[in-house]
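One structure is given here, and the rest of the page talks about it.
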Amino acid sequence: MSGTRRLVALAALTVPLALTAVPASAAPTADPAATYTCQRELPAPRVYPPWAHGEGCTASAGAPTREGEVSGPVDVVFQDARYSGQARYRCQAVAVYPGDDSTRLRVLGKSCLPPDQYAQHLAS
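FYI, the numbering for the sequence shown is -26 to -1, 1 to 98, going by mature numbering (1 follows the signal peptide of the UniProt record, and there is no 0).
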């Protein structure tokens, strides 16, 4: 087979493959942030960026429920934000530990900001 025929045969094979490429909309999307929804906000050290401390927490689907550190971004939502007045934080890391009963958790989020400020803080 001559060089020209090989080139034409190769081109004939690659064109159909290029036409069957996966569209961008079918690409996998990033998982949403793990979320812990807490009944109560507990006092936390006054540091910057703030910490988020909650009790009576439940974990969203896919959020770890075992005791330990969860790296972020992690959302902490307070149903009763009595100390900070902020109902939702996005944290770089959260420590999860057992709560007062077997069905609830306590969480301590570190380097937490409201979600709209979180990305700006990381960029600075």
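Where a beta carbon is used, it is the ideal one built from N, C-alpha and C, also for glycine.
Query                                                                                                             : Result
Looking at the unbroken beta strand (DSSP E) that takes in Pro47, where does it start and where does it end?      : 42 to 52
Ends of the beta strand (DSSP E) at Tyr71?                                                                        : 62 to 72
What separation, rounded to the nearest whole angstrom, lies between the Cα atoms of Ala97 and Pro24?             : 17 Å
Would you mind sorting Glu41 into buried or exposed? The rule is 16 or more other CB atoms within 10 Å of its CB. : exposed
Rounded to the nearest angstrom, what separates residue 101 and Gln94 at their Cα positions?                      : Limits of the chain in this structure are -26 at one end and 98 at the other, which puts residue 101 out of reach.
In angstroms with no decimal places, state the Cα-to-Cα distance between Pro(-4) and Pro6.                        : A caution first: Pro(-4) carries a pLDDT of 43, below 50, which makes its placement in the model too unreliable to give a value.
Can you look up Leu87 in the DSSP assignment and give me helix, strand or coil?                                   : strand
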